[in-house]
Amino acid sequence: MANILIIDDSPTDVRVFTTLLERAGHQVAAVSTAEEGIERVRADLPDLVIMDVIMPGMNGFQATRTLTRDPKTQHVPVVMITTKSMETDRVWGMRQGARAFITKPVNEKELLACINDLLTSGS
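Counting from 1, position 90 in the sequence shown corresponds to residue 90 in the UniProt record's numbering; the numbering is continuous, with no gaps.
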């Protein structure tokens, strides 16, 4: 079981991801802005972050870069999940420090496999 923080402004996506992750045995918390997400990651140091890209204010690319360049939070893997499906978006997300980049709609098995891989590899 892992503590996972979802940073996503879509209540529907948060509900879907929360249900999926809790069913898999994880503890889940969620926030709706990147700024709040950065504060929560710094305070709680979750085992993994699921990050949306398109949000009001700071976007997920900026938040991921902030988290992965902060010595206190750089060890927390970030999985970007977004509707942005261009290869350039994936490359940019990975360059910001994301450990995985998944496009919506999310395949449940793919997401759980990705999370399990990141949690067991320690990276």
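Quick reminder that beta carbons are idealized off the backbone N, C-alpha and C, glycines included.
The beta strand (DSSP E) enclosing Leu48, as first and last residue numbers
Leu48 to Met51
Val91, buried or exposed, once every other Cβ within 10 Å from all chains shown has been counted against 16
exposed
For the alpha helix (DSSP H) holding Leu5, just list the boundary residues, first then last.
That residue, Leu5, is in no alpha helix (DSSP H); its beta strand (DSSP E) goes Asn3 to Ile7.
Kindly indicate the opening and closing residues of the alpha helix (DSSP H) around Met94.
Glu87 to Arg95
Comparing C-alpha positions only, which one of Thr120, Ala34 and Glu110 sits nearest to Leu20?
Glu110
Give every residue of the same chain whose Cβ lies closer than 6 Å to the Cβ of Gln96, excluding the five residues on either side of it in the sequence, and list them in chain order.
Phe61, Thr64 and Arg65
Compute the Euclidean distance between the alpha carbons of Val14 and His75, then round it to the nearest angstrom.
23 Å
Check whether the Cβ atoms of Lys104 and Thr88 lie closer than 8 Å to each other.
no
Run the CB neighbour count on Pro77, radius 10 Å, all protein chains shown included, and call it buried at 16 or more, exposed below.
buried
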